[in-house]
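Accompanying notes for the structure given below.
2 protein chains.
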Amino acid sequence: MIRKVNLKEKFASFDDTWSPKIVGEVNNFHVKMSKVLGDFVWHHHENEDELFLVVKGRLRIKLRDQEDLVLEPGEFAIIPRGIEHNPVAEEETHVLLFEPAGTLNTGNVQNERTVSNLKKI
Amino acid sequence: MIRKVNLKEKFASFDDTWSPKIVGEVNNFHVKMSKVLGDFVWHHHENEDELFLVVKGRLRIKLRDQEDLVLEPGEFAIIPRGIEHNPVAEEETHVLLFEPAGTLNTGNVQNERTVSNLKKI
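In the order they appear, the protein sequences are chains A and B. Using the numbering used here, read the first sequence as starting at 1 and increasing by one per residue. Using the numbering used here, read the second sequence as starting at 1 and increasing by one per residue.
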């Protein structure tokens, strides 16, 4: 049975931040949801592009070679592989992510923010 | 330079229905936008799963073996490869699609609705 996902309801089903959950699979890609608040970590992904779509709040994506991207609800950006970035949120922000399965949230960096076993919700 | 996409502004940039536009690439996947109104065509995709996220309006996805999925704004569904479906919209509906590059809108069917050269916007 194919079920739809209501983003608002699904975001209401968890509270932790910086811990992406898998909410769908499209071939070898994962759809993830993450609540974010505060500063993350500078990192890049060696082989994976990464799409960020803001559903609630405001996401600032810091970049090394251009001005920050500031995403409001209904806005998305794609960070190409190899590009260092650091997502930051001053208020609790709800983000839908789209990226190849297996993409690690902290990319080339391993630290206390790294989540390698993602929960499916 | 990485640019963000504002969905509302981008949807305002075209008028034609059932003609998906490419608005982003994530590795070998395409992010597409489509305005839809009326009935489409029963079809399936041999190898591609397909994500539909409704941004405005209401999308009914007819399925052979279960009740229709009715997607409101902020809701998405993933139709797995091989599953026959027919999207229908009673009012103008704005849909964000996520699927492997090269996915044909009409899947296994070729008819007047088939769009094989997608515009990038």
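Every residue, glycine too, gets a C-beta built ideally from N, C-alpha and C.
8 Å is my cut-off, CB to CB: does Met1(A) come that close to chain B?
With 8 Å as the cut-off, Met1(A) counts as an interface residue toward chain B.
Shorter than 8 Å from the beta carbon of Lys32(B) to some beta carbon of chain A?
Cβ-Cβ to chain A under 8 Å: no for Lys32(B).
Would you identify the three-state DSSP class for Phe11(A), choosing helix, strand or coil?
Here Phe11(A) sits in helix by DSSP.
Taking the alpha-carbon positions, what's the Ile2(A) to Ile79(B) distance?
If I take the Cα positions, the gap works out to 7 Å.
Ser34(A) bridges to which residues according to DSSP?
DSSP lists Val95(A) as partners of Ser34(A).
How would you list, in chain order, the residues of chain B whose beta-carbon sits under 7 Å from the beta-carbon of Lys8(A)?
What Lys8(A) touches in chain B: Gly74.
Here's the rule I'm using: 16 or more other beta-carbon atoms within 10 Å means buried, otherwise exposed. How should Asp49(A) be labelled?
Buried, because 16 or more other Cβ atoms sit within 10 Å of the Cβ of Asp49(A).
If we cut at 8 Å on Cβ distances, does Glu90(B) have a partner in chain A?
Glu90(B) does not count as touching chain A.
Determine the chain A residues that contact Glu48(B) at a beta-carbon separation under 7 Å, and present them in chain order.
Chain A residues near Glu48(B): Asn27.
Going by DSSP, what residues sit across from Asn28(B) in a beta bridge?
Looking at the DSSP assignment, Asn28(B) forms no beta bridge with any residue, so it has no partner.
Residues of the stretch 89-113 of chain B with a CB closer than 7 Å to any CB of chain A: list them in chain order, please.
Per Cβ criterion, the list reads Phe98, Glu99, Pro100.
Have a look at Asn27(A) and Pro100(B) and give me their C-alpha separation to the nearest angstrom.
Answer to the nearest angstrom: the Cα atoms are 8 Å apart.
Let me know the secondary structure DSSP gives Val5(A) once reduced to three states.
It is a strand residue.
Indicate whether the contact test is met: 3 or more Cβ pairs, each with one atom in the stretch 28-35 of chain A and one in the stretch 85-105 of chain A, closer than 8 Å.
Yes: at least three Cβ pairs fall under 8 Å.
What are the boundary residues of the beta strand (DSSP E) that includes Leu118(B)?
Segment: none, Leu118(B) is in no beta strand (DSSP E) and carries neither H nor E.
What separation, rounded to the nearest whole angstrom, lies between the Cα atoms of Leu63(A) and Trp42(A)?
C-alpha separation (whole angstroms): 9 Å.
According to DSSP, simplified to helix, strand and coil, what is Val88(B)?
The answer is strand: DSSP assigns Val88(B) an E or B state.
Can you give me, in chain order, the residues of the stretch 9-22 of chain B that have a beta carbon less than 7 Å from any beta carbon in chain A?
Answer in chain order: no residues at all.
Could you tell me whether any Cβ in chain B is nearer than 8 Å to the Cβ of Val5(A)?
By this cut-off, Val5(A) is an interface position.
Exposed or buried, what is Lys120(B) when buried is set at 16 or more other beta-carbons lying within 10 Å of its beta-carbon?
With fewer than 16 other Cβ atoms within 10 Å, it is exposed.
According to DSSP, is His43(A) part of a helix, a strand, or is it coil?
Looking at His43(A) - three-state DSSP - the assignment turns out to be strand.
Give the secondary structure of Leu104(B) by DSSP, where H, G and I count as helix, E and B as strand, and everything else as coil.
Coil, per DSSP.
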